[in-house]
């Protein structure tokens with residue numbers, strides 16, 4: 003009814019998006035991955051569909067490069083190949099294969 007009486011959609015989105023109450027959770031929509039309520043989901047979806055520039059302003063940056071962690075792979079390999087002294091397996095790594 004508010005839209006019929008001329009209330010701008012931007013004002014309604016600002017008011018009703020991110021309202022928190024149950025039910026809440028993850029969605030199948032890639033733009034609105036987690037909704038804090040049904041009202042939150044509906045108004046954010048409407049904003050993405052009908053407000054020009056909203057999608058660009060609120061897009062999630064999925065092209066973020068991975069952080070480099072030199073030496074991480076070597077540390078993981080060390081942790082995997084460490085054997086307990088009480089292990090009944092053969093003592094030499096060659097016989098493990």
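Numbering (our numbering), first residue to last: 3 to 99. Here a beta-carbon is modelled for each residue, glycine too, at the ideal position from N, C-alpha and C. Quantities reported herein were computed from a predicted structural model and do not represent experimental measurements.
By the C-beta density criterion, residue 46 is buried, having at least 16 other C-beta atoms within 10 angstroms. Assigned with DSSP and collapsed to three states, residue 13 falls in helix. Residue 39 has its alpha-carbon roughly 6 Å from the corresponding atom of residue 25.
Here residue 42 has 19, 20, 21 as same chain residues with Cβ atoms under 7 Å from its own Cβ, once five neighbours each way along the sequence are excluded. Judged by DSSP secondary structure, residue 45 falls within the alpha helix (DSSP H) whose first and last residues are 40–52. Shown here, residue 37 sits in a strand according to DSSP, grouped into three states. Between the alpha carbons of residue 33 and residue 61 lies a gap of roughly 7 Å. Measuring C-alpha to C-alpha distances from residue 55 to each of 75, 44, 12 identifies 12 as the nearest.
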